[in-house]
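All remarks here apply to the structure that follows.
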Amino acid sequence: FRGFDTRNNFTGHLQKALRLRGIDSFIDDKLRRGDDLTALFDRIEHSKIAIIVFSKNYSNSAWCLRELVKILECRDRNQQLVIPIFYKVDKSELKNVPKKSFTEVKEEETSTWEAALTTAFNISGYVVNEFSTSEAKLVDEIAVDTFKKLNDLAPIGNEGLVGVDSRLGTLEKLLCCDDLDSVHVIGVIGMGGIGKTTLADCLYGRMRGQFDGSCFLTNIRENSSRSGLESLLQKLFSTLLNDRELEIGAPGNAHERFERRLKSKRLLIVLDDVNDEKQIRYLMGHSKWYQGGSRIIITTRDSKLVQAVKGRKYVLPKLNDREALKLFCLNAFNDSCPLKEFQGLTNMVLDYAKGHPLALKVLGSDLSMRSLALSRRLDKLHQIVSPMESLPSSSAELDVFLSFRGFDTRNNFTGHLQKALRLRGIDSFIDDKLRRGDDLTALFDRIEHSKIAIIVFSKNYSNSAWCLRELVKILECRDRNQQLVIPIFYKVDKSELKNVPKKSFTEVKEEETSTWEAALTTAFNISGYVVNEFSTSEAKLVDEIAVDTFKKLNDLAPIGNEGLVGVDSRLGTLEKLLCCDDLDSVHVIGVIGMGGIGKTTLADCLYGRMRGQFDGSCFLTNIRENSSRSGLESLLQKLFSTLLNDRELEIGAPGNAHERFERRLKSKRLLIVLDDVNDEKQIRYLMGHSKWYQGGSRIIITTRDSKLVQAVKGRKYVLPKLNDREALKLFCLNAFNDSCPLKEFQGLTNMVLDYAKGHPLALKVLGSDLSMRSLALSRRLDKLHQIVSPMESLPSSSAELDVFLSFRGFDTRNNFTGHLQKALRLRGIDSFIDDKLRRGDDLTALFDRIEHSKIAIIVFSKNYSNSAWCLRELVKILECRDRNQQLVIPIFYKVDKSELKNVPKKSFTEVKEEETSTWEAALTTAFNISGYVVNEF
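Using full-length UniProt numbering, the first residue of the sequence shown is number 1, and each one after it goes up by one.
In structure tokens, the structure reads:
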């Protein structure tokens, strides 16, 4: 392209559209005239497709013309695809090279240029002029076409998948992709292992770039049993609507509630491995809730499920003999034909498998590994596959109202702006369905129900009565409803608009035109944006406006903060630490605190508030648990595919994944949250090094261990507990659904606040208990009063347990000690209670638990010293206190020390006196340790 002509408008928007489709494009914005063209020609050589944007001054540039010659050489030699675009220029204006401008260029070269221009003009491409469709739509059309062409050059995910291409062709015909008026549901039906999921996955990878939104829900049969359908619906909606913070509310009417947003996009949905009609009804809803042109694919073993939702059926056929032979041989011999010595065995396998892909792959892999069990497996599979052969086959509130002069900017600047707002999850209204002469009531109603109005002033804005009446209405809403207004002056000076051309409005009363002029004057004094030939790239400015709008909407209605007491002040502190204005550095911030203090909640609120300001974002939740269950590699896969917006991404060997994708990572400002980290390895593995990210990116880590943040040189934010006022409000909201306590619960409220000491989770749980009128609450508080507080400031370590509880089971297991263990758990404190050990068991395991505990709590009760088990625990605890500096907290539960100091030796006739003396010494030592007394007073 010719930089001066299109870099900051059409080409900038086109590059962005390609990037959003996952297409990696090169633009020579870092090369300068006079630089060696070798590097540029190398990029052309290594590209699959070249897009040439011909514009007014293209043939005035030797640089562009040499690029063109090189591109056509690659087309002839490497079959490189070429897509010409004629941007507001006729071919006739370009066909002759202005040789006078190239006095230092030999005539031979200029003749080559002219020949290249002639060749390029004969290649089928696109024309952009004043009469063509919207630029934004055309840019999308070109991006989709490029995606298709790349797929044809290198189909996604089809390597080694025998027979998939013919089946994909059949399935694509059933999809009727050219029908943009209807929603089609297609069921892919077949027995287990036949390749339904594989086929759907290939189709999804090939076609998702042609839709505005897409989601592949895998393995619904298993996942719905494990996580429930509601979590799958949440994932479906948040993926389709590109809104991770989306709250679907009551799932029964979720589709109806989000109908307007669902209908704003052409969607591709895959519901994989469905085995119940309820799953389809719950997740898909009704086809009326989707935009025409959307497609829903269901994979299932049961054809009746597809019939129930009136979908088209595609019964997936087994492999034919040729395909079956090829698949088996590829897996067994890494070739398409069998080795001579295995010819007989190959025929035997093909006869047993009868075209079943999974059986062929498994048996082929077995033979490849020279498995001695192959023949036995064939016997077992003989009757497994054969039975499957016969399987039957508005008054809604808006975020933004856009006011603009249609002819001036609908198909360029305003079109791009609306798209940028939509990509940020911002719901905007554009009056493309209203026509002149229509009643303005509906339009004014949209203005009334919008939070922000963006006015795009352009050359002919003040020539339109329609626009001027919109403007007056917007300013009325600004005065009356505090509606925010953002004016944009698009290639026009204010002075050109300030006077209304009254001669154009002969039928309009002078009173109204005066109102229009007053409105223009008012609007011109509101801070806004100016777009002219000297301003920054239009694409960048459009993004800047979208980000600013996102921030303003957040200020009007902060995301996710409802009922979260104290979160705003903490968010403010954390945002300052993020240093968002610093676009040169990558910042790592650790949010540190004990379990239940609100680290994840705070990070989630910050993520919801700020993600719209970044080019890509990902929130990895509960890494402690998920890394143990699924492994770090699956989390890294999720992180990269989310950040790079590429579901089909293969990260390869994870050891150098960041380095391998460094260029793509550095192409975006990213926001990453690593939640609940408990090992430095997790951070190193997932985050990598900050040098692999673009300046301005931010990485937030939530953890209980401050040393982990220190290890990666991050800034620390130690999350404080709630102050007294915040604690009171949180408890009362959960207990009484009000910010103040009921009079009759004033005393009980004070007890709770004293016990919880500002810990949010404890306050919420106890508040909910009281809200449910739990009769046990007051007793629980009496017994637990002041037990937990000494443990709040304990540092974390690598020990397996936080607390070991020693107690006499018969006395306190079902009352005090039971309540105490629950209170510890609510604080996120891991405690051990010996409820699974029995008399006669070996004490080794118990002593090992004592050894690996940071704190031992001993609940002395009436019968404690009557138990040899308890007394041996006590001796071991005091040994660990002396040797390992283990903390010991004694509690005297309704018993006086004097009642316990003497061991009843008559009860221990089989115990040596030496040991009973050790017990008595241990009791004396324990009695001298500061602790707690629980009695009737």
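A virtual CB, placed ideally from N, CA and C, is assigned to each residue, including glycine.
Model, not experiment: these values are computed from the prediction.
query	result
DSSP-derived helix/strand/coil call for residue 944	In the structure as shown, the chain starts at 1 and stops at 937, and residue 944 therefore has no counterpart that could be examined.
Within 8 angstroms, strictly: CB atoms of Ser294 and Leu325	no
At least three beta-carbon pairs within less than 8 angstroms, the segment 699–707 to the segment 665–677	yes
Continuous alpha helix (DSSP H) assignments of at least 4 residues falling wholly in the segment 168–219	196–207
Thr621 - DSSP class collapsed to helix/strand/coil	coil
Stretch-stretch touch, CB-based, cutoff 8 angstroms, three pairs: the segment 304–317 with the segment 211–230	no
Inter-residue Cα distance where the pair is Phe736 and Tyr282	35 angstroms
Residue 939 burial status per 10 Å Cβ neighbour count (16 or more: buried)	No information on residue 939 is available, as it lies outside the stretch 1 to 937 that the chain covers here.
Segment contact, 8 angstroms Cβ cut-off, at least three pairs: the segment 906–919 with the segment 851–861	no
Cα-Cα separation between Lys304 and Val139, rounded to whole angstroms	42 angstroms
Best match in Gly163, Tyr693, Ile269 and Ser450 for proximity to Asp399 [C-alpha to C-alpha]	Ser450
Cross-strand partners of Phe892 (DSSP beta bridge)	Phe860 and Val933
Helix, strand or coil at Leu719 [DSSP, three-state]	coil
C-beta atoms of Glu467 and Ser514 nearer than 8 angstroms	Residue 467 is actually Cys in this sequence, not Glu. No, Cβ-Cβ distance for Cys467 and Ser514 is not below 8 angstroms.
Of the listed residues Asp604, Asp582 and Asp584, nearest to Val591 (C-alpha basis)	Asp604
Span of the beta strand (DSSP E), counted from its first residue to its last, around Ala735	That residue, Ala735, is in no beta strand (DSSP E); its alpha helix (DSSP H) goes Asp724 to Phe736.
DSSP-derived helix/strand/coil call for Ala453	strand
Of the residues Asp24, Leu327 and Tyr461, the one placed nearest Leu363, counting alpha carbons only	Leu327
Sequence-distant residues of its chain with Cβ nearer than 8 angstroms to Thr916 (five each side left out)	Val903, Lys905 and Phe908
Residue burial classification, Ala823 (beta-carbon count within 10 angstroms, cutoff 16)	buried
Pick from Asp276, Ser617 and Asn622 that is closest to Ser641, judged by C-alpha positions	Ser617
Beta-carbon spacing of Phe237, Ile220 below 8 angstroms	no
Boundaries of the alpha helix (DSSP H) in which His416 is found, first to last residue	Phe413 to Leu423
Phe404 - DSSP class collapsed to helix/strand/coil	strand
Enclosing alpha helix (DSSP H) for Ile589 [first to last residue]	Not the alpha helix (DSSP H): Ile589 falls in the beta strand (DSSP E), residues His587 to Ile592.
Environment of Ser101 [buried if 16+ CB atoms lie within 10 Å]	exposed
Under the three-state DSSP convention, the category Tyr352 falls into	helix
Alpha-carbon spacing of Asp351 relative to Val315, whole angstroms	22 angstroms
Proximity below 8 angstroms, CB of Ile683 to CB of Val712	yes
Per-residue burial, Ile189 [other beta carbons within 10 Å of its own, 16 or more giving buried]	buried
Bounding residues of the beta strand (DSSP E) (the contiguous stretch that carries Tyr87)	Leu81 to Tyr87
Integer-rounded CB distance, given that Gly608 should sit under 8 angstroms from Glu245	4 angstroms
Neighbour-count burial assignment, Glu135, 16 or more Cβ in a 10 Å radius	buried
Paired residues, beta bridge with Ile545 - DSSP	Partner(s): none; Ile545 has no beta bridge.
Simplified DSSP assignment, three categories, for Leu583	coil
Cutoff 8 angstroms: Gln418 Cβ touching any chain C Cβ	No chain C appears in this structure, which consists of one protein chain only.
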